[in-house]
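This report refers to the structure that appears directly beneath it.
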Amino acid sequence: MTALDAELAAYAAANPKSKALHERASRFMPGGDTRNSIFWNPFPVYITHADGTQLTDADGNVRTDFVNNMTTLIMGHRHPDVMRALHEQVDHGISYPAPSPPVIRWAEILCERVPSVDKIRFVNSGTEATLNAIRAARAFTGKTLIAKCEGAYHGNHDAIQISVTPPVSEAGDAERPDPVIMFPGINPAAADDVVIMPYNNIEAAERVIRSRAGELAAVIVEPINGQCGMVPAKPEFLQGLRDLTSELRIPLIFDEVISFRAASGGAQEWYGVTPDLTCFGKVIGGGMPVGAFGGKEEIMSLWDPNHGPGQVQHAGTFNGNPMTAAAGVATLELLTPEVYRELERKGDLLRQKIRDLIAELEAPMGVTGATSLFALQFTTEPVTDYRSYATNDKVMLQTVFTGLLNEGILMSNRCAGNVSAVHTDEEIDEFVDALRRVLVRAGYG
Ligand SMILES: Cc1ncc(COP(=O)(O)O)c(C=O)c1O
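Under the numbering used here, residues 625 to 1069 are what the sequence shown spells out, in order.
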C-alpha cells in the first residue's frame, strides 16, 4: 500500500458522514458542490460549524483551519465584532434598492488606506473585480490587449482564464509563453486578446510588453501569486513593471484579492509600488461575498452616471449590499497596523519552523510565502514562477494534504495556507508537529 493509499483509507474511515453527504450532494450538484477549488478526492468534508481557528465537520472531526475560506477570514471565524455588526445589520434589513451609509464608510476606509485608490466600486466577487478593472482599462485606453502572467489566477471569466495552470508541454517558451485556454467553454478568441509574461522575470516580461506596447490596454499582476503557492513578486519585478508601464502609458492593475492581507494599504504599501487600478476581494468583506475595484479618478470617473456619453454601465443587484459592508467595515476596523505586524510575525515564524523541519528531515521540498501566506512545495527547485511551481510532485502534494486532514489540519487542496489574527503560536507548533508525522509516514526523514 502506498503512503497515499494509507492516508486515503484512514480518511475514508474517519469521515463516513461526509462520504454519505457527498453521495447525496452529487445527485444534485456536479461533483457534489459548487466550487471546484474546494473539491478533493475521494470526497471533501462537509462543514457544520466554525469558530475562531476551528472547523467541525459532519462526523464531528475538529480541524485547525489554515485556509480561512481561501485567505478571506483574516480575523478567524465568527469574530465577535464582525458577528455583532452583522446581527445589527440584520435588524435593519439585509439588502436595499438604494445605497446605505455603511457602504460610504467602507469606501472611505479603503480609499484612505490605499492612496492609489481615489474612487472605488463594490461588486460581489474577486472575479467581478478583475472583470471590471480590465473593462475600466479597456474603456480608458480604447484598446483591448491584456498582459498577464503565466500561472496567475485572476478569477473565473473568459478574458483571464488563460495560462493559469497550462500543461508545460503546451505552453511554449518559458520566456515568451503561449496563451493557453484553460478549459472548454472559454471563448477561443479570448486568447487573441492576451499576451503572457513569465512571473518574476522582468527582462522577459519587458520584451513581451514592449513587443505589443501599442495595443495594450493593461498589464495585470498579482503582487503575491496565490496560484503558484503564495509566491511573492521580486521587488524589482513589480517596480520594473511599474516603470515600464509608466513609460509606455499602459495602465497597471494590481490584483490584490489575496495580497491585500500584506498591510493595511495592501501589497502596494508593503512593496512601495503604486498601480493605476486595484482589484480587491476576500478580506475586505469580512467573510461575506465581495469584490471591489478602484483607482485613479480619471479612470474611475468613467463609471459616474453624470459622466455623459462614454459612461460605463455598471449594475449588480447585490453590489455594495449593507450586510457585506457591515462585515467589511467591522473587519477593516479591527485590522490595525499592530494586527498586520502580528500576522507577518506568525507567517514568518511558521515558514521558519517549516524550513527547520525540512532541513531536519532532509526532505526534498520547500516552503514559499510572504506575510501571513504560505505554501508547501514538493520540489527541490526554488519556486519563483509557474515553470518552477510545475515541477511539484503531485502525488506527494495529495499525500500530505490528506495526511494533514487526518491529523486535524486543513490546508487548501494545493497545500497552500495562511494564518489569521487568532491563530496562536501553539497552533503553529501543532501544524509543524502534524506535518512532521505526515512527512515521516510518507517516507521522508
Ligand atoms: C488573485 C485572485 N484574483 C481573483 C480571484 C477571484 O475571486 P473570487 O473567488 O471572489 O471570484 C481570486 C480567488 O481566489 C484570486 O485569488
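Backbone N, C-alpha and C fix where the C-beta goes; we use that ideal spot for every residue, glycine too. Model, not experiment: these values are computed from the prediction.
Q: Since I believe Gly864 is in contact with Val624 (beta carbons under 8 Å), could you give me their beta-carbon distance rounded to a whole number of angstroms?
A: The chain is shown only over 625 to 1069; residue 624 falls outside these bounds and no answer can be derived.
Q.
Between which residues of its own chain and Leu755 is the CB-CB distance below 6 Å, once the five residues before and five after are set aside?
A. Position 131 of the sequence shown, counted from the first residue, corresponds to residue 755. Sequence-distant Cβ neighbours of Leu755 in its own chain, meaning closer than 6 Å and more than five residues away, are His781.
(Q) Would the stretch 697 to 717 count as touching the stretch 940 to 959 if we require 3 or more Cβ pairs under 8 Å? (A) Counting Cβ pairs under 8 Å, three or more are found: they touch.
Q: Please classify Gly993: is it buried, with 16 or more other beta-carbons within 10 angstroms of its beta-carbon, or exposed?
A: For this step, residue 993 is matched to residue 369 along the sequence shown. Gly993 should be labelled buried.
Q. Near Ala886, which residues of its chain fall below 6 Å by C-beta distance, leaving aside the five closest residues on each side in sequence?
A. Mapped onto the sequence shown, residue 886 falls at position 262. Cβ within range, chain order: Trp894, Thr995.
Q | Sequence-distant residues of the same chain with beta carbon closer than 7 Å to Tyr777, five excluded per side | A | For the purposes of this step, residue 777 is taken as residue 153 along the sequence shown, with counting starting at 1. These residues qualify, in order along the chain: Val788, Gly850, Gln851.
(Q) To the nearest angstrom, how far is the alpha carbon of Arg759 from that of Ala722? (A) In the sequence shown, counting from the first residue as 1, residue 759 sits at position 135. In the sequence shown, counting from the first residue as 1, residue 722 sits at position 98. The straight-line gap from Cα to Cα measures roughly 24 Å.
Q. CA-CA distance, Ser1012 and His716?
A. Here residue 1012 corresponds to residue number 388 of the sequence shown, with the count starting at 1. Here residue 716 corresponds to residue number 92 of the sequence shown, with the count starting at 1. So the alpha carbons of these two residues sit roughly 51 Å apart.
(Q) Please classify Gly1041 as buried or exposed, where buried requires at least 16 other C-beta atoms within 10 Å of its C-beta. (A) If you number the sequence shown from 1, residue 1041 lands on position 417. Here Gly1041 is buried: its Cβ has 16 or more other Cβ atoms, across all protein chains shown, within 10 Å.
Q) Got a sec, what are the start and stop residues for the beta strand (DSSP E) Gly1027 sits in? A) For the purposes of this step, residue 1027 is taken as the residue at position 403 of the sequence shown. Gly1027 -> not in any beta strand (DSSP E); alpha helix (DSSP H) instead, spanning 1018 to 1030.
Q. Whole-angstrom Cβ separation of Met854 and Ala999, contact assumed at under 8 Å?
A. Here residue 854 refers to the residue found at position 230 of the sequence shown. Here residue 999 refers to the residue found at position 375 of the sequence shown. Contact annotation, Met854 with Ala999: C-beta distance approximately 5 Å; criterion of less than 8 Å satisfied.
Q | Nearest-angstrom Cβ-Cβ length linking Leu734 and Gly918, presumed shorter than 8 Å | A | Against the sequence shown, residue 734 aligns to sequence position 110. Against the sequence shown, residue 918 aligns to sequence position 294. Indeed they touch by this definition, with Cβ atoms about 7 Å apart.
Q) Are Thr948 and Met924 touching if we call contact CB-CB under 7 Å? A) The residue given as residue 948 occupies position 324 in the sequence shown. The residue given as residue 924 occupies position 300 in the sequence shown. Going by C-beta atoms, Thr948 is not nearer than 7 Å to Met924.
Q: State the DSSP-derived secondary structure class of Pro622, mapped to helix, strand or coil.
A: Lying before the first or after the last residue shown, residue 622 is absent from the chain, which here runs from 625 to 1069.
Q: Identify whether Pro856 lies in helix, strand or coil by the three-state DSSP scheme.
A: The residue labelled residue 856 in the question sits at position 232 within the sequence shown. Reduced to three states, the DSSP call for Pro856 is strand.
Q. Beta carbon of Ser749: closer than 6 Å to some heavy atom of ligand 1?
A. Translated into the one-based positions of the sequence shown, residue 749 becomes position 125. Ser749: yes, Cβ under 6 Å from ligand 1.
Q: Return the Cβ separation of Val817 and Ala783 in integer angstroms, given the expectation that the two are a contact with Cβ distance under 8 Å.
A: The sequence position of residue 817 within the sequence shown is 193, counting from 1. The sequence position of residue 783 within the sequence shown is 159, counting from 1. Residue identity differs from the one stated: residue 817 is Asp in this sequence, not Val. The C-beta separation of Asp817 from Ala783 comes to about 7 Å, placing the pair in contact by the 8 Å criterion.
Q) Can a CB atom of chain C be found closer than 7 Å to the CB of Leu628? A) Here there is only one protein chain, and chain C is not present.
Q | Residues near Ser749 by beta carbon distance below 6 Å, same chain, minus five either side | A | Against the sequence shown, residue 749 aligns to sequence position 125. Around Ser749, the same chain offers Gly915 as residues with beta carbons nearer than 6 Å, after the five sequence neighbours per side are excluded.
Q) Counting along the chain, where does the beta strand (DSSP E) carrying Asp879 start and finish? A) For the purposes of this step, residue 879 is taken as the residue at position 255 of the sequence shown. Going by DSSP, Asp879 is part of the beta strand (DSSP E) stretching over 876 to 879.
Q.
Which residues does DSSP list as the beta-bridge partners of Ile820?
A. The residue labelled residue 820 in the question sits at position 196 within the sequence shown. For Ile820, which the question treats as bridged, DSSP gives the partners Lys772.
(Q) Taking the straight line between their C-alpha atoms, what separation do you get for Ile826 and Ile833? (A) Locating residue 826 in the sequence shown gives position 202, counting from the first residue. Locating residue 833 in the sequence shown gives position 209, counting from the first residue. Those two C-alpha atoms are separated by around 10 Å.
Q | Range of the contiguous alpha helix (DSSP H) that encloses Val845 | A | Here residue 845 refers to the residue found at position 221 of the sequence shown. Val845 -> not in any alpha helix (DSSP H); beta strand (DSSP E) instead, spanning 840 to 845.
**Q.** Nearest-angstrom beta carbon gap, Ile882 and Ile848 [assumed within contact, 8 Å]
**A.** Here residue 848 refers to the residue found at position 224 of the sequence shown. Here residue 882 refers to the residue found at position 258 of the sequence shown. The Cβ separation is near 6 Å, so the contact holds.
(Q) Residues in the same chain with beta-carbon distance under 6 Å from Pro988, minus the five sequence neighbours each way, listed in chain order, please. (A) Mapped onto the sequence shown, residue 988 falls at position 364. Hits under 6 Å: Thr1004.
Q. Can you give the beta carbon distance from Leu628 to Thr1026, rounded, assuming they're within the 8 Å contact cut?
A. Locating residue 628 in the sequence shown gives position 4, where the first residue counts as 1. Locating residue 1026 in the sequence shown gives position 402, where the first residue counts as 1. Rounded to the nearest angstrom, the Cβ distance from Leu628 to Thr1026 is 7 Å, consistent with a contact under 8 Å.
Q: Output the boundary residues of the beta strand (DSSP E) element that contains His673.
A: Here the question's residue 673 lines up with position 49 in the sequence shown. Here the beta strand (DSSP E) through His673 covers 671 to 675.
Q: Name, in chain order, the residues that DSSP records as bridge partners for Asp998.
A: Position 374 of the sequence shown, counting from 1, holds the residue named residue 998. A quick correction: the sequence has Phe, not Asp, at residue 998. Its beta-bridge partners are Gly993, Gly1041.
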